[in-house]
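Numbering (my numbering), first residue to last: 2 to 369.
Don't be surprised by glycine CBs; every beta carbon is placed ideally from N, CA and C.
What you are looking at is a predicted structure, and each value in this text was computed from that prediction instead of being measured.
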C-alpha cells in the first residue's frame, strides 16, 4: 500500500506520487537504495589534527576486464595515508577499505564524508593511524552493487582481490586479514555485507553503515507507467534519461540478472510485457544478504568485530535490525546502533567518531 499526500503539491505533487508508485510497483523502493548522498554535516575540526596525504591512483582489475557494459577495468581509487606515513618510513599500517553508495563515485564520496578532515580528526581524537582506501565502483547505471556479473564486471573480486593485492604491493601495509577492515555506506553497506560474508579470509573487521538492499524484492502491484518507461529503453543513452529510481532498477538488473544474449543492455528486468518474471526475482532474492546470511555463519564468526549502524529516520533501519537479529540468533557477536539522523545527515561524523575508532580498536597493528 502506497500512501501519497499531495496536499498543496498540485500537479507536481501528483506526478511525484505517480513516480513513487511506479518505482515501488517494480519492487525498488526509494529507501532500499537511497539516492545521491548530498546532505551531510561536517563535524567541527579537531584541534591539533595533523594533515593526511591524499593520493589519486588507477588500479587495473582483471576481474572487471571484458564486461559487456563497457565498464573500464582501470578504476579510480583514492588512498589516504596517515600523518605519520612519510615520517616513519619503516612503519607498516592496517588498511580500511571504504565503499561508496549508489549514484556517486569516490570523489563525491570523499566530499560527502569530508575527507581528509574526518580521517585527520579521528586520528587527532585518538584513533590509531591507518591507511584508508576509497575505490570508485560507479557504473553506467550509477552503481555496481559490488557484485559479480558478466554485464557489469566482477566488482566483488575487484574489491576483495585485485584492489587488496595492489594496495599491499604498493604501500606499506600489514598484509594479513587481521589488519584489514571493510566498511561501506548504503549500497556500500550492502557491498560490505556481501563481500564481508564471502571473503572473511581477506578482512578481519566489518562495519556496515545504513546498508541497503538486504531483503529480497517484492514487485508488488504491477504499474503500467513504469513498465512503459522501461520498455522504451533501447540503449544506454535511453537508460541515462530515466528517473533516478528506474535507473537504480537498471543497475540492480545489470548486477543480479545479467543476460549476455540481450544486447545492448545485457540484462533481464523483473517485469516484462506486463508480466512478473519469477526467475528474475529468484536471481535478485539470491543476492539479498538476509536470504543468504544463514550460509555464512562460520565466516562471520571469524571476524574480530562486526558493527551495523543506521539513522532513526532512515527507512533502512528495519532491514538493518533484521540482519543484526539474524547474527544474534546464531550467536555471531555484533554491535547494532540506531542513532539520531536520516540516511546521510550524520555519516561524516560517524566516520570520524565511530567507524575509524572501531577499526583502531579491532584491527591488528603489528605483524605476526
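Between residue 361 and residue 147, what straight-line distance do the alpha-carbon atoms span, to the nearest angstrom?
-> What you label residue 361 is simply residue 360 of the chain shown in a count that begins at 1. What you label residue 147 is simply residue 146 of the chain shown in a count that begins at 1. Rounded to whole angstroms, residue 361 to residue 147 spans 25 Å at the Cα level.
Could you tell me whether the segment 156-172 touches the segment 320-327, where touching means 3 or more Cβ pairs closer than 8 Å?
-> no
C-alpha gap between residue 6 and residue 130, whole angstroms = The residue labelled residue 6 in the question sits at position 5 within the chain shown. The residue labelled residue 130 in the question sits at position 129 within the chain shown. Confidence is the limiting factor: at residue 6 the pLDDT is only 35, short of 50, which leaves the residue's position unreliable and the question unanswerable from this model.
Compute the distance between the beta-carbons of residue 258 and residue 268, then report whether it is under 8 Å.
-> Indexing the chain shown from 1 puts residue 258 at position 257. Indexing the chain shown from 1 puts residue 268 at position 267. Yes, the pair counts as a contact, with Cβ atoms nearer than the cut-off.
Using alpha carbons as the reference points, say which of 180, 289, 347 and 87 lies closest to residue 368.
-> By one-based count along the chain shown, residue 368 stands at place 367. Taking only the C-alpha atoms, the option nearest residue 368 is 180.
N-terminal and C-terminal residue of the alpha helix (DSSP H) that residue 186 is part of = Within the chain shown, the letter at position 185 stands for residue 186. Per DSSP, residue 186 belongs to no alpha helix (DSSP H); it is in the beta strand (DSSP E), 181-186.
Tell me, to the nearest whole angstrom, how far the beta carbon of residue 197 is from that of residue 207; I am working on the premise that it is less than 8 Å.
-> For this step, residue 197 is matched to residue 196 along the chain shown. For this step, residue 207 is matched to residue 206 along the chain shown. Indeed they touch by this definition, with Cβ atoms about 4 Å apart.
At what residues does the beta strand (DSSP E) containing residue 132 begin and finish?
-> Position 131 of the chain shown holds residue 132. Residues 132-136.
Pull up the distance between the alpha-carbon of residue 315 and that of residue 321, whole angstroms please.
-> Sequence index remark: in the chain shown, residue 315 carries index 314 (1-based). Sequence index remark: in the chain shown, residue 321 carries index 320 (1-based). Rounded to the nearest whole angstrom, the C-alpha separation of residue 315 and residue 321 is 10 Å.
Specify the secondary structure class of residue 339 as computed by DSSP and reduced to three states.
-> Counting from one through the chain shown, the residue named residue 339 turns up at place 338. Strand.
Looking only at its own chain, which residues have a Cβ that is under 6 Å from the Cβ of residue 102, when we skip the five neighbours before and after it?
-> To locate residue 102, count along the chain shown from 1; it is residue 101. These residues qualify, in order along the chain: 38, 186, 187, 188 and 189.
Which stretch, first to last residue, makes up the alpha helix (DSSP H) that contains residue 329?
-> Within the chain shown, the letter at position 328 stands for residue 329. Note, residue 329: alpha helix (DSSP H), 318-330.
What are the residues that DSSP puts in a beta bridge with residue 278?
-> Locating residue 278 in the chain shown gives position 277, where the first residue counts as 1. In the DSSP output, where bridge partners are listed per residue, residue 278 has none listed.
Can you tell me which of the three DSSP states residue 352 falls into?
-> On the chain shown, position 351 is the one that residue 352 refers to. In the structure shown, residue 352 sits in a helix (DSSP, three-state: H, G or I).
For the alpha helix (DSSP H) containing residue 54, list its first residue and its last residue.
-> As a first step, residue 54 must be located in the chain shown, where it is residue number 53. First-last for residue 54: 54-61, but that is the beta strand (DSSP E), not the alpha helix (DSSP H).
Can you tell which of 271, 294 and 275 has the C-alpha that lies nearest to the C-alpha of residue 283?
-> In the chain shown, residue 283 corresponds to position 282, counting from 1. Among 271, 294 and 275, the Cα nearest to that of residue 283 belongs to 271.
Spatial neighbours of residue 69 within its chain, please: CB distance less than 7 Å, with the 5 preceding and 5 following residues excluded, ordered by chain position.
-> Taking the chain shown and counting its residues from 1, one reaches residue 69 at position 68. These residues qualify, in order along the chain: 151, 152, 261 and 267.
Given a cut-off of 8 Å, decide if residue 76 and residue 88 are closer than it, judged by their beta-carbon atoms.
-> Taking the chain shown and counting its residues from 1, the one referred to as residue 88 is at position 87. Taking the chain shown and counting its residues from 1, the one referred to as residue 76 is at position 75. Not a contact, by the Cβ cut-off of 8 Å.
Taking the alpha carbon of residue 140 as the point to measure from, which residue in 165, 317, 72 and 334 has its own alpha carbon closest?
-> Within the chain shown, numbered from 1, the residue matching residue 140 stands at position 139. Of 165, 317, 72 and 334, the residue nearest in Cα terms is 72.
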